[in-house]
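Peer 1: If you read the sequence shown in the working numbering, its first letter stands for residue 5, the second for the next number, and so on. Every residue gets a Cβ at the ideal spot worked out from N, C-alpha and C, and that includes glycine. A quick note: this is a predicted structure, and the numbers were derived from the prediction, not measured.
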Amino acid sequence: MNKSIIKNTLFILTIALFTSCEDKIDLSLDKGFEQLTVEAVLNTDTTLQRVILRGSVPFFDDISTTPAIDNAIVNVISNTNDTFPFTFTAKGEYWLNASPTKKFELGKSYELQIDLGGEKYYAKSEVNPVALWDSLTYEYLPATGFAPEGYYATMHARDIPGVGQCYWFRRYENGIFASGPVDINTAYDAGSNPGEFDGEAFSFPNSVGGVNDFDEPYEINDTLRIEIQGISPDFYYFLDEITTQMENEGLFAAPPANVRTNIINRDPDGRAGLGYFVIGEMEAREVVIK
5 MNKSIIKNTL
15 FILTIALFTS
25 CEDKIDLSLD
35 KGFEQLTVEA
45 VLNTDTTLQR
55 VILRGSVPFF
65 DDISTTPAID
75 NAIVNVISNT
85 NDTFPFTFTA
95 KGEYWLNASP
105 TKKFELGKSY
115 ELQIDLGGEK
125 YYAKSEVNPV
135 ALWDSLTYEY
145 LPATGFAPEG
155 YYATMHARDI
165 PGVGQCYWFR
175 RYENGIFASG
185 PVDINTAYDA
195 GSNPGEFDGE
205 AFSFPNSVGG
215 VNDFDEPYEI
225 NDTLRIEIQG
235 ISPDFYYFLD
245 EITTQMENEG
255 LFAAPPANVR
265 TNIINRDPDG
275 RAGLGYFVIG
285 EMEAREVVIK
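1) Please list, in chain order, all residues of the same chain as Pro104 whose beta carbon is under 7 angstroms from its beta carbon, the five residues on each side excluded.
2) If you compare alpha carbons, which of Tyr171, Gly59 and Phe88 is closest to Gln39?
3) Helix, strand or coil for Ile230, going by three-state DSSP, please let me know.
4) Determine, using beta carbons only, whether Gly149 comes closer than 9 angstroms to chain D.
5) If I measure Cβ to Cβ from Val93 and keep anything under 7 angstroms in the same chain, skipping five residues before and after, which residues do I get?
6) Would Leu145 be called buried (16 or more neighbouring beta carbons within 10 Å of its own) or exposed?
7) Going by the CB atoms, is the gap between Asp187 and Arg175 shorter than 9 angstroms?
8) Is Asp273 buried or exposed, if buried means 16 or more other CB atoms sit within 10 Å of its CB?
9) How about Thr227 and Val282: do their beta carbons lie closer than 9 angstroms?
10) Could you pull out every residue in the same chain whose Cβ sits closer than 6 angstroms to the Cβ of Trp172, ignoring the five residues on either side in sequence?
11) Residue range of the alpha helix (DSSP H) that Gly210 falls in?
12) Please go through the same chain and pick out, in chain order, the residues whose beta-carbon is closer than 7 angstroms to the beta-carbon of Arg289, but skip the five residues on each side of it.
13) Mark Ile29 as exposed unless 16 or more other C-beta atoms lie within 10 angstroms of its C-beta, in which case mark it buried.
14) Considering only DSSP beta bridges, list what Ile283 is partnered with.
15) When we look at the beta-carbon of Asn47 and count the other beta-carbons within 10 Å, is it buried (16 or more) or exposed?
16) Taking its Cβ as the centre, do 16 or more other Cβ atoms sit within 10 Å of Thr41, making it buried, or is it exposed?
17) Would you identify the three-state DSSP class for Leu278, choosing helix, strand or coil?
18) Going straight from the alpha carbon of Gln117 to that of Thr148, what length do you get?
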C-alpha cells in the first residue's frame, strides 16, 4: 500500500477526531480475500517464457508479503491444439523453454489454462504483431537546462499501417529492466489513440523520452537494450491503468481502484482472478555506448 495514501488517510481521520468532541472512532476495514494474480506477458522469441502466479494480499498489507503460488498446473493451448506446458521453478514462476520448433506464432490464438487446486482459470490472446524496427542509435549531447551532459539514445521504428496496432517498448540498462511508472512506454498506432499517426514513425515520447533517463544519461560501456512487443488494445489500456495507480498519490489522489483483467474463473461463483495474459511478437535492438 502506498505510504502517501496511508498518511492522507491518517490526516483525514485526525481531523475527524478533533471535530467530533472526543467521540471514539472505530475504523473497521474489509481485508478482502486472497485472489490469484497472474503475470503472463509472452512473446514469439525462442528464449525463456515465464508465467508468474501470486496471491493477493489485504488492502493495507505490505505488497512484499504477496504469497508465491507453487501448486498450480499451467498450460498454454493453441487454436491448433498444440500444448505448451509451463514447469514450476521457484517463487511462483512457471517456465517454458521455447525453441525454434516450440514457440508461439503470429496468426494463431492461444488460451492460458491454470488449475489451482481444482479452481480453473483461463485467458485468451491472439499473437499481436510487432512494429517495424529500423535501428537504435545514440549521441553525446552537452548539458542543457533540461538534462545533464552525456549520451542519449534514439529508437528508430515505425507503426505497422492499419488502425489498431499497439506496442510496449521496454528498456534495459546494463541488463536491468526500467520498471518505474515513468518507464512504462506504450503506443497506440504511432500515437496514444486509435488511428493517431497511423503508419508513421514513432516520435519523441516513445522514440526518445521513453528510451532515456534524463536525470542519469548513458555513460561509456553502458549497454542499452530496447524491446518492442506487440500487445492488444485492451492490454494497452491495462498498462495505462497500472501507470495511473502507481502514480496515484498526493493530497488530491483518487481512491485506489482495481485495474482491468482478462483472467477468468470458469466457475462464475469462484474467486475472481487478477492480472493479464497477452502474447505478441517481440524484436529487440541493443547497443554498447563507446
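Peer 2: The answer reads as follows:
1) Thr50
2) Gly59
3) strand
4) No chain D appears in the structure shown, which is made up of a single protein chain.
5) Note on identity: in this sequence residue 93 is Thr, with Val being the wrong assignment. Result list for Thr93: Trp99, in chain order.
6) exposed
7) yes
8) exposed
9) no
10) Thr190, Gln233 and Ile235
11) The identity of residue 210 in the sequence shown is Asn, whereas the question assumes Gly. Per DSSP, Asn210 belongs to the alpha helix (DSSP H) from Phe208 to Ser211.
12) Trp137, Ser139, Leu140 and Ile230
13) Residue placement at Ile29 is poorly supported in this model, since its pLDDT is 40, which falls under 50; the coordinates still yield a value, given next. Under this definition Ile29 is an exposed residue.
14) Leu46 and Val131
15) buried
16) buried
17) strand
18) 52 angstroms
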